[in-house]
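Student: Following this message is one structure expressed as structure tokens.
Protein chains: 2
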Amino acid sequence: MNSPVDAKGPEGRRLTKPGRKTRERIIEAAAELMFHRGVGGTSIPDVQSAAGVSASQIYHYFRDKQGLVLAVVDFQTDTKLDQQRPLLDNLDSIDALRAWCDRAADRQDAMGWVGGCEIGSLASELAETDPLARTDLAASFERWEAPIRSGLARMQARGELSESADVTALATALLAAVQGGMLLSQIRRSSTAYRHAVSAVIDHIESYVPR
Amino acid sequence: MNSPVDAKGPEGRRLTKPGRKTRERIIEAAAELMFHRGVGGTSIPDVQSAAGVSASQIYHYFRDKQGLVLAVVDFQTDTKLDQQRPLLDNLDSIDALRAWCDRAADRQDAMGWVGGCEIGSLASELAETDPLARTDLAASFERWEAPIRSGLARMQARGELSESADVTALATALLAAVQGGMLLSQIRRSSTAYRHAVSAVIDHIESYVPR
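Protein chains in written order, with the UniProt record's numbering: chain D, 1 to 211; chain P, 1 to 211.
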């Protein structure tokens, strides 16, 4: 929440410290509601009462619901990636990949697999109804995939993955396994699908480790 | 749409032939709207005007919106699995697995990756807001996964996959790759993510083929 964009209102003017606090409180309340009820099931009056602000404050900071949705996408992406750090920035061994995926499963186990992936859920809901959000979510997935790719590239540079491994393709495949596994596990309320999905891709990545 | 459940109204009474036709027309209109706007973005009046029926007809056949949503889940599952036949029922070679995944990619390419997976989108939207739909969607995914698992099991029984392959886990992993790959490709409007996701898992399955 410290990027220059986040410290400005919709017209790009700088916000005061209390203004920033209010803006953050609105985003957090909206993110929580949208996670549980979906974007479509969350109205501006819902956000008002959850954040304890007036409608005019919401319109002041975000102009409209779409502006608020875009801020929620950024907030959930920042939060999700921060949660995964430092593991996410050190995915340069097979063990590190497994530990990172296990950590996400343990976190979901603790929540009974209720809610699924914050970013995946927004992506599925907004892909066809909000072109700006879709573009933002493409950037979110890229921010998530880049550290996976970069960990694999470091392994390859050190000779720990064969030259024949396409690290870009493998990073995408692992993020897809995370997303697809999360969705199946959310629907089934069990970690099994997620664990099978990520294991298959990590086992495949391991097949590129020179013996 | 030929199961006994589908030929009955909400109180389980049998429908006449025109009644079944009207019911099907409502489901198809609702499915189309929900695919483009989401379940939350589709109201009963929207369905009325798309299907050219009265509100009382919709309530007659489905009791409430939730009843209609469950019928749409079944309809989309039947449609999706029928689309994939006969490939889906013959996934007992590596080539057949690749052909099946390619066919889905070609179909999405033709639509510019707009809309994503009908079942995955419903799953993501309804998982936390509609417990009955979640249970139905778990059954939908199982209906999809079973033929994958059964194809792999036939390969294994013929000695074309090693005994050490866990065909249940591999089938789940492939369905997760399809789902996660579809979502990333929908957001990115490009087949690349989907193709990388399913290739990684099929390559992994191929590693169990005895040389």
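Cβ coordinates follow ideal geometry from the N, Cα and C atoms, glycine included.
With contact counted as at least three CB pairs below 8 Å, one residue from each stretch, are the stretch 102–117 of chain P and the stretch 14–25 of chain P in contact?
Tutor: Short answer: they don't touch.
Student: Any beta carbon from chain D within less than 8 Å of E160 (chain P)'s own beta carbon?
Tutor: No, E160 (chain P) does not count as interfacial toward chain D.
Student: Tell me which residues of the stretch 141–168 of chain P have at least one Cβ-Cβ distance to chain D shorter than 7 Å, keeping chain order.
Tutor: If the cut-off is 7 Å between Cβ atoms, the stretch 141–168 of chain P has F141 near chain D.
Student: Cα separation between N2 (chain D) and G67 (chain D)?
Tutor: Low confidence applies here, because N2 (chain D) scores a pLDDT of 42, under 50, leaving its location unreliable and the question unanswered by this model.
Student: Between A138 (chain D) and L183 (chain P), what straight-line distance do the alpha-carbon atoms span, to the nearest angstrom?
Tutor: So the alpha carbons of these two residues sit roughly 10 Å apart.
Student: Tell me the DSSP secondary structure of R20 (chain D) in three-state form.
Tutor: Looking at R20 (chain D) - three-state DSSP - the assignment turns out to be helix.
Student: Pull up the distance between the alpha-carbon of A105 (chain P) and that of H204 (chain P), whole angstroms please.
Tutor: Going from the Cα of A105 (chain P) to the Cα of H204 (chain P) covers about 19 Å.
Student: Quick one: using the 10 Å Cβ neighbour count with 16 as the cut-off for buried, is R211 (chain P) buried or exposed?
Tutor: Burial call: exposed.
Student: Rounding to the nearest angstrom, what Cα-Cα distance links D78 (chain P) and A165 (chain P) in this structure?
Tutor: Roughly 30 Å separates the two Cα atoms.
Student: Using only the alpha-carbon positions, how far apart do R188 (chain D) and F35 (chain D) sit?
Tutor: One C-alpha to the other measures close to 18 Å.
Student: Within 10 angstroms of its Cβ, does residue 266 (chain D) collect 16 or more other Cβ (buried), or is it exposed?
Tutor: Examination of residue 266 (chain D) is not possible in this model, given that chain D is present from 1 through 211 alone.
Student: So which residues on chain D does D203 (chain P) lean against when the C-beta distance must stay under 7 Å?
Tutor: The answer, in chain order, is H204.
Student: With three or more C-beta pairs closer than 8 Å as the rule, is the stretch 151–161 of chain P touching the stretch 60–74 of chain P?
Tutor: These segments do not touch.
Student: Apart from the five residues on each side of it in sequence, which residues of its chain come closer than 6 Å, Cβ to Cβ, to A96 (chain D)?
Tutor: These residues qualify, in order along the chain: N90.
Student: With a threshold of 8 Å on Cβ separation, who are the neighbours of S191 (chain D) within its own chain once the five nearest residues in sequence on each side are excluded?
Tutor: Here the set comprises A105, Q108, D109, W113, S185.
Student: Taking 8 Å as the CB-CB limit, is T129 (chain P) close to chain D?
Tutor: Judged by the 8 Å Cβ criterion, T129 (chain P) is in contact with chain D.
Student: Within 8 Å (strictly less), CB to CB, does R107 (chain D) reach chain P?
Tutor: No, R107 (chain D) lies away from the interface with chain P (no Cβ there is under 8 Å from its Cβ).
Student: For a contact defined as C-beta to C-beta under 7 Å, what are the partners of R134 (chain D) on chain P?
Tutor: Result: I187.
Student: Using the Cα positions of L161 (chain D) and Y208 (chain D), report the straight-line distance between them to the nearest angstrom.
Tutor: So the two alpha carbons sit approximately 5 Å from each other.
Student: For chain D, find out if any of its Cβ atoms is closer than 8 Å to the Cβ of A177 (chain P); answer yes or no.
Tutor: A177 (chain P) counts as touching chain D.
Student: In chain order, which continuous runs of the beta strand (DSSP E) of length 3 or greater are located wholly inside the stretch 88–167 of chain D?
Tutor: Here no run is fully enclosed.
Student: Hey, quick one: how far does the alpha helix (DSSP H) through T192 (chain D) stretch, first residue to last?
Tutor: It spans 192–206 - the alpha helix (DSSP H) in which T192 (chain D) sits, taken as one unbroken run.
Student: State the Cα-Cα distance for the pair S54 (chain D) and H60 (chain D), rounded to the nearest angstrom.
Tutor: Those two C-alpha atoms are separated by around 10 Å.
Student: Terminal residues of the continuous alpha helix (DSSP H) containing P86 (chain D)?
Tutor: Unbroken run through P86 (chain D): none, as it is neither H nor E.
Student: Below 7 Å on C-beta distance, what does S207 (chain P) contact in chain D?
Tutor: Within 7 Å Cβ-Cβ: S207.
Student: Using alpha carbons as the reference points, say which of D:D64, D:S121, D:D92, D:R98 lies closest to A197 (chain D).
Tutor: Ranking D:D64, D:S121, D:D92, D:R98 by Cα distance to A197 (chain D) puts D:R98 first.
Student: The alpha helix (DSSP H) with S56 (chain D) in it runs from where to where?
Tutor: 55–62 is the span of the alpha helix (DSSP H), which, as asked, contains S56 (chain D).
Student: Put P45 (chain P) into one of helix, strand or coil per three-state DSSP.
Tutor: Helix.
Student: Counting only beta-carbon atoms, is T172 (chain P) nearer than 8 Å to chain D?
Tutor: Cβ-Cβ to chain D under 8 Å: yes for T172 (chain P).
Student: Can you find the residues in the same chain that come closer than 7 Å, C-beta to C-beta, to A51 (chain D), ignoring five residues on each side of it along the sequence?
Tutor: Within the same chain, A51 (chain D) has close Cβ partners R25, I26, A29.
Student: Taking only the alpha-carbon atoms, compute the straight-line gap between R195 (chain P) and A176 (chain D) and give it to the nearest angstrom.
Tutor: Cα to Cα, the separation comes out at about 10 Å.
Student: Nearest by alpha-carbon distance to V167 (chain P): which of P:A127, P:S121, P:E206, P:L33 is it?
Tutor: With distances taken between Cα atoms, V167 (chain P) lies closest to P:E206.
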